[in-house]
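*Asks:* Mind having a look at this structure? Questions to follow.
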Amino acid sequence: MRAKVLLIEDSTSLAILYKQYVKDEPFDLFHVETGRDAIAFIERNVPQLIILDRSGPRFSDMTLSD
């Protein structure tokens, strides 16, 4: 089973670029744009890694905790 990586990025063009860059890597990259979408994704699919664009304006609705 391939590892799941979640990319939280509000810029669709950057997300497309990142996905293209890692397309041949041994993991699946999933993209969401908002904190709420990230939480919904995590509830259904536990990713092994989360990459977060913290400077995005749409992330004020998401709380990160350890």
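When the letters of the sequence shown are read in order and numbered with the UniProt record's numbering, they come out as residues 1 to 66.
Don't be surprised by glycine CBs; every beta carbon is placed ideally from N, CA and C.
(1) Do you know offhand how far residue 3's Cα is from residue 55's?
(2) What's the C-alpha gap between residue 51 and residue 38?
(3) State yes or no: is the C-beta of residue 28 within less than 8 Å of the C-beta of residue 5?
(4) For residue 16, is the classification buried or exposed, using 16 other Cβ atoms within 10 angstroms of its Cβ as the cut-off for buried?
(5) Kindly identify the DSSP beta-bridge partner or partners of residue 14.
*Replies:* Inspection of the coordinates gives the following:
(1) 26 Å
(2) 11 Å
(3) yes
(4) exposed
(5) Answer is none; residue 14 lacks a bridge partner.
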